[in-house]
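Novice: Take 1 as the starting number for the sequence shown in UniProt numbering and just add one per residue.
Cβ atoms here follow ideal geometry from the backbone N, Cα and C, with glycine treated the same way.
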Amino acid sequence: MTHTTTTSSPDSATTCGDAAWERLNATYVDAAEETSAAPPVSAKRRFLRRFLRSRVAVVALLVLLLGAAAAVFAPALAPVDPLAQDLGKVLRPPGGENLLGTDELGRDVLSRLLFGARVSLLAAVEGTAIALLLGVLPGLAAGYLGRRVDRIIMLFTDALMSYPAIILAIAIIGAIGPGLTNAMLAVGIITAPRVVRLVRGVVLGIREETYIEASRTIGTPTARIIVRHVLPNALAPVIVFGSIMAGQAMLIEAGLSFLGLGVQPPDASWGSMLGTAFRYVSRSPTLIVFPGLAIAVTVLAFNVLGDGLRDSLGRENRGER
1 MTHTTTTSSP DSATTCGDAA WERLNATYVD AAEETSAAPP VSAKRRFLRR
51 FLRSRVAVVA LLVLLLGAAA AVFAPALAPV DPLAQDLGKV LRPPGGENLL
101 GTDELGRDVL SRLLFGARVS LLAAVEGTAI ALLLGVLPGL AAGYLGRRVD
151 RIIMLFTDAL MSYPAIILAI AIIGAIGPGL TNAMLAVGII TAPRVVRLVR
201 GVVLGIREET YIEASRTIGT PTARIIVRHV LPNALAPVIV FGSIMAGQAM
251 LIEAGLSFLG LGVQPPDASW GSMLGTAFRY VSRSPTLIVF PGLAIAVTVL
301 AFNVLGDGLR DSLGRENRGE R
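1) Indicate the three-state DSSP secondary structure (helix, strand or coil) for Thr220 in the structure shown.
2) First and last residue of the alpha helix (DSSP H) that includes Phe73?
3) Give the range of the alpha helix (DSSP H) segment to which Tyr163 is assigned.
4) Under 8 Å, do Leu140 and Ile226 count as touching if we go by C-beta distance?
5) To the nearest angstrom, how far is it from the Cα of Glu104 to the Cα of Ala277?
6) DSSP has Asn98 in a bridge; who is on the other side?
7) Quick one: any contact between the region 294 to 303 and the region 60 to 73, if contact means 3 or more CB pairs under 8 Å?
8) Reducing DSSP to helix, strand and coil, say where Asp311 ends up.
9) Could you check if Gly127 is buried or exposed, using at least 16 other CB atoms within 10 Å of its CB as the buried criterion?
10) Taking three-plus beta-carbon pairs below 8 Å as touching, is the region 118 to 126 in contact with the region 249 to 257?
11) Tell me where the alpha helix (DSSP H) around Glu126 begins and ends.
12) On the three-pair Cβ rule with 8 Å, is the region 197 to 211 touching the region 130 to 140?
13) In the structure shown, what three-state DSSP assignment does Gly292 receive?
14) My understanding is that Leu114 touches Ala70, with C-beta atoms under 8 Å, so please give their C-beta distance in whole angstroms.
15) Sort Tyr144, Arg45 and Gly101 by Cα distance to Glu213 and report the nearest one.
16) Quick one: residues in its chain with C-beta nearer than 8 Å to the C-beta of Phe51, no 5 flanking neighbours on either side, listed in chain order?
17) Apart from the five residues on each side of it in sequence, which residues of its chain come closer than 7 Å, Cβ to Cβ, to Ile153?
18) Which value, in whole angstroms, describes the spacing of the CA atoms of Arg321 and Ser54?
19) Take the Cβ of Gly116 as the centre, count every other Cβ of all protein chains shown within 10 Å, and call the residue buried at 16 or more, exposed below.
20) Fully enclosed by the region 205 to 262, which alpha helix (DSSP H) runs are 4 residues long or longer?
21) Touch check for the region 257 to 275 and the region 177 to 186: three-plus C-beta pairs under 8 Å?
22) Locate the alpha helix (DSSP H) running through Gly106, then write down its first and last residues.
23) Leu305 and Pro291 - do their beta-carbons sit closer together than 8 Å?
24) Could you have a look at Gly275 and say whether DSSP puts it in helix, strand or coil?
25) Using the Cα positions of Val72 and Gly146, report the straight-line distance between them to the nearest angstrom.
26) Could you tell me the alpha carbon to alpha carbon distance between Asp30 and Ser215, rounded to whole angstroms?
27) Given a threshold of 16 other Cβ atoms within 10 Å of its Cβ, counted over all protein chains shown, does Ala234 qualify as buried or as exposed?
28) Locate the alpha helix (DSSP H) running through Lys89, then write down its first and last residues.
29) Consult DSSP for Arg55 and reduce its assignment to one of helix, strand or coil.
30) From Ala38 to His229, what does the alpha carbon distance come to, in whole angstroms?
31) With H, G and I counted as helix, E and B as strand and the rest as coil, what does DSSP make of Ala78?
32) Per DSSP, what kind of secondary structure is Arg283 in: helix, strand or coil?
As structure tokens, this is what we get:
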């Protein structure tokens, strides 16, 4: 019987050794590359990067920041006292000492516009904050608990939404009295039902998620689930809606002040300036332009900012970069 003996040449052994070494070296190189790779971008940075790509939304944010800065530094920016009257300069056109003209009592329009920004922007923030405080908790309860709690809350919500907003606001102010604080309370009450419906709709989807089911299975208390899991995941649409609702709150405040139910004389808001200018539009047409333009630009900026936030947060929820 013939035995066949297989021998490896030194060259083949060297080749196999080199190949093994290359594979081992490649493994360490890949591991080193993975170790030295940049850490993943956080969700906040992704959101900020996407938001900054929207130039229109960035411009809207800058407009709002500029308006807020003008309101904060109004005492330094205003050329004269906004309450100072000069009956010798009644209804002057723009130009000269009074850059934007004067009103029916000779008060400087630019100064009143700057101080009016304080009232109007504060009204928008206060009205939105009150609406969120009144609407988020009932929306969470209605969406997560469901059944009888949901029916009762939504019945009350639908009843409030069945009335025209401005009529309901006038009725509330008629009951509690005029004034900026009462007007903002009325704005918060009439806009809170929209927050309830929004939060309820978001929570209805969140409560069916797997991690919510797992938390319920292990016996986590309902209040803890709502605070730790449901509420944080419902904040994104609430933030977007809050930005848009701030513009709506400003419009409602302007309407109430136009009717004399908001800020009271001699203090100024853009809405009250608009109401006064309307009575003198035939004698001083420019008097109505500046507060109207300020309201239009600010409300548009709030809406555009809300759209930008919605697009950025929407892509975040879809996992897009």
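Specialist: According to the data block:
1) Within the sequence shown, the letter at position 220 stands for residue 220. Coil.
2) Walking along the sequence shown from the start, residue 73 turns up at place 73. Unbroken run through Phe73: none, as it is neither H nor E.
3) In the sequence shown, counting from the first residue as 1, residue 163 sits at position 163. For Tyr163, there is no enclosing alpha helix (DSSP H), as DSSP gives it neither H nor E.
4) Reading the sequence shown from its first residue, position 140 is the one you call residue 140. Reading the sequence shown from its first residue, position 226 is the one you call residue 226. When the beta-carbon positions are compared, Leu140 and Ile226 come within less than 8 Å of each other.
5) Mapped onto the sequence shown, residue 104 falls at position 104. Mapped onto the sequence shown, residue 277 falls at position 277. Their Cα atoms are separated by approximately 8 Å.
6) One-based indexing of the sequence shown puts residue 98 at position 98. Asn98 pairs with Gly95.
7) With a cut-off of 8 Å on Cβ pairs, the region 294 to 303 is in contact with the region 60 to 73, counting three or more such pairs.
8) Residue 311 sits at position 311 when you count from the first residue of the sequence shown. Collapsing the DSSP output to three states places Asp311 in a helix.
9) Within the sequence shown, the letter at position 127 stands for residue 127. Residue burial is scored here from C-beta neighbours: Gly127 has at least 16 other C-beta atoms within 10 angstroms and is therefore classed as buried.
10) Because the criterion of three Cβ pairs below 8 Å is met, the region 118 to 126 and the region 249 to 257 touch.
11) As a first step, residue 126 is located in the sequence shown; it is residue number 126 there, counting from the start. According to the DSSP assignment, Glu126 belongs to the alpha helix (DSSP H) that extends over Val109 to Leu145.
12) The answer is yes - the region 130 to 140 touches the region 197 to 211, with three or more Cβ pairs under 8 Å.
13) Position 292 of the sequence shown holds residue 292. The answer is helix: DSSP assigns Gly292 an H, G or I state.
14) Within the sequence shown, numbered from 1, the residue matching residue 114 stands at position 114. Within the sequence shown, numbered from 1, the residue matching residue 70 stands at position 70. Their Cβ separation, rounded to whole angstroms, is 6 Å, which keeps Leu114 and Ala70 in contact under 8 Å.
15) For the purposes of this step, residue 213 is identified with residue 213 of the sequence shown, where counting begins at 1. Nearest neighbour of Glu213 by Cα position, chosen from Tyr144, Arg45 and Gly101, turns out to be Tyr144.
16) As a working mapping, residue 51 is identified with position 51 in the sequence shown. Short of 8 Å from the beta carbon of Phe51, and not among the five residues preceding or following it, lie these beta carbons of its own chain, in chain order: Ala57, Val58, Gly308, Leu309 and Ser312.
17) As a first step, residue 153 is located in the sequence shown; it is residue number 153 there, counting from the start. Within the same chain, Pro138, Ala141, Ala142 and Val196 come within 7 Å of Ile153 by CB-CB distance, once the 5 residues on both sides are set aside.
18) Taking the first residue of the sequence shown as 1, we reach residue 321 at position 321. Taking the first residue of the sequence shown as 1, we reach residue 54 at position 54. With a pLDDT of 49 at Arg321, under the threshold of 50, the predicted position of this residue should be treated as unreliable, though the coordinate-derived value follows. Rounded to whole angstroms, Arg321 to Ser54 spans 14 Å at the Cα level.
19) For this step, residue 116 is matched to residue 116 along the sequence shown. It counts as buried.
20) Correct list: 210 to 217, 222 to 225 and 231 to 258.
21) Under the Cβ criterion (8 Å, minimum of three pairs), the region 257 to 275 counts as touching the region 177 to 186.
22) Here residue 106 is taken as the residue at index 106 of the sequence shown, counted from 1. Annotation: Gly106 is outside any alpha helix (DSSP H) and is labelled neither H nor E by DSSP.
23) Here residue 291 refers to the residue found at position 291 of the sequence shown. Here residue 305 refers to the residue found at position 305 of the sequence shown. Not a contact, by the Cβ cut-off of 8 Å.
24) Working through the sequence shown from its first residue, we reach residue 275 at position 275. When secondary structure is reduced to three states using DSSP, Gly275 falls in the helix class.
25) Locating residue 72 in the sequence shown gives position 72, counting from the first residue. Locating residue 146 in the sequence shown gives position 146, counting from the first residue. Roughly 44 Å between the two C-alpha positions.
26) Sequence index remark: in the sequence shown, residue 30 carries index 30 (1-based). Sequence index remark: in the sequence shown, residue 215 carries index 215 (1-based). Low confidence applies here, because Asp30 scores a pLDDT of 46, under 50, leaving its location unreliable; read the following figure in that light. When the Cα atoms are used, Asp30 and Ser215 turn out to be separated by approximately 39 Å.
27) Locating residue 234 in the sequence shown gives position 234, counting from the first residue. Buried, because 16 or more other Cβ atoms sit within 10 Å of the Cβ of Ala234.
28) As a first step, residue 89 must be located in the sequence shown, where it is residue number 89. Here Lys89 belongs to no alpha helix (DSSP H), and DSSP marks it neither H nor E.
29) Residue mapping note: residue 55 aligns to position 55 of the sequence shown, counting from 1. Three-state result, Arg55: helix.
30) One-based indexing of the sequence shown puts residue 38 at position 38. One-based indexing of the sequence shown puts residue 229 at position 229. At Ala38 the pLDDT is 42, less than 50, meaning the model places this residue with poor confidence and gives no usable figure here.
31) Taking the sequence shown and counting its residues from 1, the one referred to as residue 78 is at position 78. Under the three-state reduction of DSSP output, Ala78 falls in the coil class, being neither helix nor strand.
32) Residue mapping note: residue 283 aligns to position 283 of the sequence shown, counting from 1. It is coil, neither helix nor strand.
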